[in-house]
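Going line by line, the protein sequences match chains A and B. Taking the UniProt record's numbering, the leading residue of the first sequence gets 1, the next gets one more, and so forth. Taking the UniProt record's numbering, the leading residue of the second sequence gets 1, the next gets one more, and so forth.
There are 2 protein chains.
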Amino acid sequence: MSIAETGEFGLITRIVARLETGAASLLGPGDDAAVVAAPDRRVVASTDVLVEGRHFRRDWSSAADVGHRAAAANLADIAAMGAVPTALLVALCVPTDLPVEWAEELSGGLSTEAARVGAAVVGGDMSSSPTLTIAVTALGDLAGREPVLRSGAQPGDVVALAGRTGHAAAGYTVLSRGFRTPKLLVEAYRRPEVEYAAGPTAARLGATSMIDISDGLLQDLGHVAAASVVGIDIDRAAFEVPDQMRDAASALGVDPYVWLLAGGDDHALAATFPPGTQLPPGWRAVGSVHEGTGVTVDRRPWQGGTGWDHFR
Amino acid sequence: MSIAETGEFGLITRIVARLETGAASLLGPGDDAAVVAAPDRRVVASTDVLVEGRHFRRDWSSAADVGHRAAAANLADIAAMGAVPTALLVALCVPTDLPVEWAEELSGGLSTEAARVGAAVVGGDMSSSPTLTIAVTALGDLAGREPVLRSGAQPGDVVALAGRTGHAAAGYTVLSRGFRTPKLLVEAYRRPEVEYAAGPTAARLGATSMIDISDGLLQDLGHVAAASVVGIDIDRAAFEVPDQMRDAASALGVDPYVWLLAGGDDHALAATFPPGTQLPPGWRAVGSVHEGTGVTVDRRPWQGGTGWDHFR
Numbered sequence: 001m002s003i004a005e006t007g008e009f010g011l012i013t014r015i016v017a018r019l020e021t022g023a024a025s026l027l028g029p030g031d032d033a034a035v036v037a038a039p040d041r042r043v044v045a046s047t048d049v050l051v052e053g054r055h056f057r058r059d060w061s062s063a064a065d066v067g068h069r070a071a072a073a074n075l076a077d078i079a080a081m082g083a084v085p086t087a088l089l090v091a092l093c094v095p096t097d098l099p100v101e102w103a104e105e106l107s108g109g110l111s112t113e114a115a116r117v118g119a120a121v122v123g124g125d126m127s128s129s130p131t132l133t134i135a136v137t138a139l140g141d142l143a144g145r146e147p148v149l150r151s152g153a154q155p156g157d158v159v160a161l162a163g164r165t166g167h168a169a170a171g172y173t174v175l176s177r178g179f180r181t182p183k184l185l186v187e188a189y190r191r192p193e194v195e196y197a198a199g200p201t202a203a204r205l206g207a208t209s210m211i212d213i214s215d216g217l218l219q220d221l222g223h224v225a226a227a228s229v230v231g232i233d234i235d236r237a238a239f240e241v242p243d244q245m246r247d248a249a250s251a252l253g254v255d256p257y258v259w260l261l262a263g264g265d266d267h268a269l270a271a272t273f274p275p276g277t278q279l280p281p282g283w284r285a286v287g288s289v290h291e292g293t294g295v296t297v298d299r300r301p302w303q304g305g306t307g308w309d310h311f312r
Numbered sequence: 001m002s003i004a005e006t007g008e009f010g011l012i013t014r015i016v017a018r019l020e021t022g023a024a025s026l027l028g029p030g031d032d033a034a035v036v037a038a039p040d041r042r043v044v045a046s047t048d049v050l051v052e053g054r055h056f057r058r059d060w061s062s063a064a065d066v067g068h069r070a071a072a073a074n075l076a077d078i079a080a081m082g083a084v085p086t087a088l089l090v091a092l093c094v095p096t097d098l099p100v101e102w103a104e105e106l107s108g109g110l111s112t113e114a115a116r117v118g119a120a121v122v123g124g125d126m127s128s129s130p131t132l133t134i135a136v137t138a139l140g141d142l143a144g145r146e147p148v149l150r151s152g153a154q155p156g157d158v159v160a161l162a163g164r165t166g167h168a169a170a171g172y173t174v175l176s177r178g179f180r181t182p183k184l185l186v187e188a189y190r191r192p193e194v195e196y197a198a199g200p201t202a203a204r205l206g207a208t209s210m211i212d213i214s215d216g217l218l219q220d221l222g223h224v225a226a227a228s229v230v231g232i233d234i235d236r237a238a239f240e241v242p243d244q245m246r247d248a249a250s251a252l253g254v255d256p257y258v259w260l261l262a263g264g265d266d267h268a269l270a271a272t273f274p275p276g277t278q279l280p281p282g283w284r285a286v287g288s289v290h291e292g293t294g295v296t297v298d299r300r301p302w303q304g305g306t307g308w309d310h311f312r
């Protein structure tokens, strides 16, 4: 059955029936707006949009995969402020010939990914469009902490990482060359595994800056370096190339460090910590902050490309 | 200059430079997420999406007009809960050949409309897309009041309206027949004039239910009737046909009451009040609630069409 047959309200009813609720959902879907708890009198809010053909392909990812990824991209932004996600709102633009099941499974993926952190889909909007588009807004709770900004890195700080880099980019390359394996990489592209809890943990431990790695480690650390008016050096040896990535890189003729250092979409969190901080489990040191500008790798400019610009 | 030339980050810089700030903006654009004040430990949140060709046309509306309308559609949803809007987040999907000025003026319109109620654009995302799409999320503050839902209307209540109906629908019809006047109607379509303050006022006065009229009065009151398990009767005589609307209707061969009762996009607020409530300025009685189901006009079923389904 296509969406043209169910109509807007029929589809909304079917989607809402699939959604789980969350502790912060004071009023969920069905009214003009949702009401979400904001216990410390502030709410953290971020929006990310996924466009078919640009951020996903229906022949590469299932509807549930796209839902998981759309949610993860947003929830990671909330975690990167040191906050705990509470709610998602979803604007869904769909071609009228889209099967209803696709929209339902997308919503299931969004809801399931949100439930991992105790958040829920509380509202949304829907329209027909020639281009399948999913815009998600995530809300979150700072639990009384100050938000961890991009601008607080200090010379001498340690740069640390929670989560994987390069896996999603490698999976994307694999898929774009017509392969479906290795599964590790393809699955990483389809559904990022984000260390959500690492964000609040870093905030509690005194992280001086933090960012969600969505466009590539070097590019995103470039935002931290610029906002903090510091230089950042990455230690290439801190990045191990997993066997399956090495094999794929070799087969495809790619330098795996381009994936690891410049590949986006894994949504690892990068943070800076004062020197001597005992890093919590899940965080590992990958570089250091110094006086200066820009991002280097082993103290040299990086030549392998820096990441993703959605208009180039 | 096109967006392909400025690139994603160049365009974001230009847009952010145009934004005004708001009292609730604790942290505005530029980090992974924004931080917005939520003084009463709750936040009201709503999302609406506008798609080119479906919700607007660039030859009918300026970029600033589209920005005003996208903001108004969302801010009205917040007002319809009885809340005061605090912030907007904007996901913007644009063709790469879109002139940069268009995106800048759109953002200016969003920011200016938000500023009318003291709210501000605090964040967003941007992507290229073949289809120009604007998804806006609005946040708001209930100031300690309970949200006014669709489900609280009681038999005996008065149905009241704040703001215009039918003007935007008439403007749309005028434009779709190739005319550019009357200005009153065309301007109403381009930039709705929403009585934002009427929402919180109605909440303070004990409104039992409230809704933003976005799809047409009869259709949207149908949601109130269904959620409240009541019937609603609208008094046709409560709707005056303005001269310019009467002339346009006559010239175009349209029944103006179809615009007034079934036309959307003016974002009037409809609310129900207990019998005997002295309606505040800006609100006028247009009908009554009774035991039963559905929405009637002068106690009869309405035959003129009920409103807008985005998939039909």
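The beta carbon of each residue, even a glycine, is placed where N, CA and C say it ideally should be. Only a predicted model underlies this, so the values are computations on that prediction, with no experimental measurement involved.
Residue-chain proximity (residue i, chain B), Cβ-Cβ < 8 Å
i: A:A37; result: yes
i: A:T173; result: no
i: A:T137; result: yes
i: A:L89; result: yes
i: A:D266; result: no
i: A:G304; result: no
i: A:S128; result: yes
i: A:D59; result: no
i: A:R312; result: Any answer about A:R312 is weak, because its pLDDT of 41 lies below 50 and its placement is not dependable; what the coordinates show is given next. Judged by the 8 Å Cβ criterion, A:R312 is in contact with chain B.
i: A:T272; result: no
i: A:A207; result: no
i: A:L217; result: no
i: A:L98; result: no
i: A:T296; result: no
i: A:V194; result: no
i: A:T131; result: yes
Contact under 8 Å by Cβ, residue i with residue j
i: B:A170; j: B:A248; result: yes
i: A:V49; j: B:S127; result: yes
i: A:D220; j: A:G287; result: no
i: A:E20; j: A:A115; result: yes
i: B:L88; j: B:L106; result: no
i: A:T47; j: B:A91; result: yes
i: B:G82; j: B:P200; result: yes
i: B:V100; j: B:T6; result: yes
i: B:P39; j: B:D157; result: no
i: B:E113; j: B:A72; result: yes
i: B:T277; j: B:L184; result: no
Nearest-angstrom Cα separation, counted from residue j out to residue i
i: A:T96; j: B:S129; result: 18 Å
i: A:H290; j: B:D141; result: 42 Å
i: B:L217; j: B:M210; result: 12 Å
i: B:A271; j: A:L161; result: 52 Å
i: A:W102; j: A:G292; result: 49 Å
i: B:V36; j: B:P29; result: 11 Å
i: residue 357 of chain A; j: B:W60; result: Lying outside 1 to 312, the shown extent of chain A, residue 357 of chain A is not represented and no answer is given.
i: B:H167; j: B:S151; result: 27 Å
i: A:S228; j: A:A153; result: 5 Å
i: A:E104; j: A:R18; result: 7 Å
i: B:G282; j: B:D266; result: 15 Å
i: B:V258; j: A:A135; result: 33 Å
Any chain A beta carbon closer than 8 Å to residue i
i: B:A23; result: no
i: B:I211; result: yes
i: B:R190; result: no
i: B:A44; result: Checking the sequence shown, residue 44 of chain B turns out to be Val, not Ala. So, interface residue.
i: B:G124; result: yes
i: B:P29; result: no
i: B:I78; result: yes
i: B:M81; result: yes
Residue environment, residue i, which counts as buried when at least 16 other CB atoms sit within 10 Å
i: A:P192; result: buried
i: A:M245; result: buried
i: B:A268; result: buried
i: A:T173; result: buried
i: A:H310; result: Its pLDDT being 48, under 50, A:H310 is placed unreliably in this model, and the coordinates cannot settle the point.
i: B:R312; result: At B:R312, the pLDDT of 41 sits below 50, so the modelled position is not reliable; the number obtained from the coordinates is stated separately. So B:R312 counts as exposed.
i: A:T208; result: buried
i: A:A262; result: buried
is_contact[residue i, chain D] using C-beta, thresh 8 Å
i: A:R18; result: Absent here is chain D; the protein component of the structure consists of chains A and B.
Check: the stretch 146 to 161 of chain B: which residues have C-beta closer than 7 Å to a C-beta of chain A, in chain order?
Finding: P147, L149 and R150
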